[in-house]
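Only one structure is covered here, and it is reproduced in the block below.
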Amino acid sequence: MIKGILFDLDGVLWDSTESKIKFFQNILAENGYKSRPKSEVRKVLHMTMWDAIKFLTKEKSEKRIKEVWLSGHEAEKKYPVELVKLPRGENKIIEILSKRYKLAIVTSAIREGVETFFKLSGFGKHFSAVVSFEDYKKPKPDPEPLLIAMERLRVKPDETVYVGDSPTDIVAGKR
10 MIKGILFDLD GVLWDSTESK IKFFQNILAE NGYKSRPKSE VRKVLHMTMW
60 DAIKFLTKEK SEKRIKEVWL SGHEAEKKYP VELVKLPRGE NKIIEILSKR
110 YKLAIVTSAI REGVETFFKL SGFGKHFSAV VSFEDYKKPK PDPEPLLIAM
160 ERLRVKPDET VYVGDSPTDI VAGKR
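The numbering of the sequence shown is my numbering, which starts it at 10 and goes up by one.
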């Protein structure tokens with residue numbers, strides 16, 4: 010019997026594609042890198058910010074990647090939330106599901122990004138757990154983030170459904 014539902018955040022509970030593209034383009038520009046086309050930035054949207062920066066900058070230096078990554082965390086304060094879209098009817102669906110199941114968010118976004126989602130959507134009251142970038146060592150497709158969420162919800166893997174939108178989400182869910 011299903012007792013818990015885990016949701017990825019980006020691409021599932023909100024459409025942050027345009028805001029993330031703009032975010033990465035901005036931090037690249039602020040750090041002296043040539044602008045990347047939307048098509049190239051789209052390739053990194055399922056990655057952690059560290060991996061996305063590494064891919065987009067083509068940097069080999071861990072020190073330089075860290076500098077850009079840290080500037081990205083500062084830039085989170087200037088994240089273009091005005092470009093984020095919430096799916097129509099989502100509020101009703103989440104409300105209905107939260108009455109029957111324990112809900113959690115599992116994301117590669119930082120905690121501040123989840124808090125922004127809660128402010129924009131008003132959904133914080135419906136989720137019993139959040140697992141964000143700061144909570145695990147191995148990102149998806151490793152199952153660690155999902156396992157942490159299940160532990161926090163006190164549900165077993167065979168009692169849980171995971172809703173994601175990327176190949177890494179599928180692999181993590183199967184594992």
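Built from N, CA and C at the ideal position, the CB exists for glycine as well.
Since Leu-54 is in the beta strand (DSSP E), which residue starts that stretch and which ends it? By one-based count along the sequence shown, residue 54 stands at place 45. It is not in any beta strand (DSSP E) - Leu-54 carries neither H nor E in the DSSP assignment.
Pairwise C-alpha distance: Ser-25 and Gly-81: Residue mapping note: residue 81 aligns to position 72 of the sequence shown, counting from 1. Residue mapping note: residue 25 aligns to position 16 of the sequence shown, counting from 1. C-alpha separation (whole angstroms): 16 Å.
Where Ala-158 falls, given that 16 or more other Cβ within 10 Å makes a residue buried: If you number the sequence shown from 1, residue 158 lands on position 149. It counts as buried.
Secondary structure of Val-115, DSSP reduced to three states: The sequence position of residue 115 within the sequence shown is 106, counting from 1. Reduced to three states, the DSSP call for Val-115 is strand.
Val-170, DSSP secondary structure in three states: Position 161 of the sequence shown, counted from the first residue, corresponds to residue 170. Looking at Val-170 - three-state DSSP - the assignment turns out to be strand.
CB-CB under 8 Å to Arg-51, same chain, minus the five flanking residues each way: which ones, in chain order? Residue numbering aside, residue 51 sits at position 42 when the sequence shown is read from its first letter. Excluding sequence neighbours, Arg-51 sits near Thr-26 and Ile-30.
Taking 7 Å as the limit between beta carbons, can you name the residues of its chain near Ser-107, skipping five residues before and five after? On the sequence shown, position 98 is the one that residue 107 refers to. His-135, listed in sequence order.
Could you check the C-alpha separation between Asp-188 and Gly-182 for me, to the nearest Å? This structure cannot settle anything about residue 188, because the visible part of the chain is limited to 10 through 184.
DSSP three-state assignment for Gly-182, whether helix, strand or coil: Residue mapping note: residue 182 aligns to position 173 of the sequence shown, counting from 1. Three-state result, Gly-182: helix.
Residues bridged to Gly-81 by DSSP? In the sequence shown, the residue the question calls residue 81 occupies position 72. For Gly-81, which the question treats as bridged, DSSP gives no partner whatsoever.
Per DSSP, Leu-22 forms a beta bridge with which residues? Against the sequence shown, residue 22 aligns to sequence position 13. Leu-22 pairs with nothing; no bridge assigned.
Using three-state DSSP, classify Lys-29 as helix, strand or coil. For the purposes of this step, residue 29 is taken as residue 20 along the sequence shown, with counting starting at 1. Three-state result, Lys-29: helix.
What's the C-alpha gap between Thr-125 and Pro-96? For the purposes of this step, residue 125 is taken as residue 116 along the sequence shown, with counting starting at 1. For the purposes of this step, residue 96 is taken as residue 87 along the sequence shown, with counting starting at 1. Between Thr-125 and Pro-96, the C-alpha separation is close to 16 Å.
Starting from Leu-65, follow the alpha helix (DSSP H) in both directions and report where the run begins and ends. Residue mapping note: residue 65 aligns to position 56 of the sequence shown, counting from 1. Here the alpha helix (DSSP H) through Leu-65 covers 58-66.
Within the continuous beta strand (DSSP E) that includes Phe-16, where are the two ends? Here residue 16 refers to the residue found at position 7 of the sequence shown. Unbroken beta strand (DSSP E) run through Phe-16: 13-16.
Note down, in chain order, each residue of its chain lying with its Cβ closer than 7 Å to the Cβ of Tyr-110, except the 5 sequence neighbours on either side. By one-based count along the sequence shown, residue 110 stands at place 101. Taken in chain order, the residues that qualify are Ile-11, Lys-12, Gly-13 and Ile-14.
Roughly how many whole angstroms lie between the Cα atoms of Ala-61 and Lys-146? As a working note, residue 61 is residue 52 in the sequence shown. As a working note, residue 146 is residue 137 in the sequence shown. Their backbone Cα atoms lie some 17 Å apart in a straight line.
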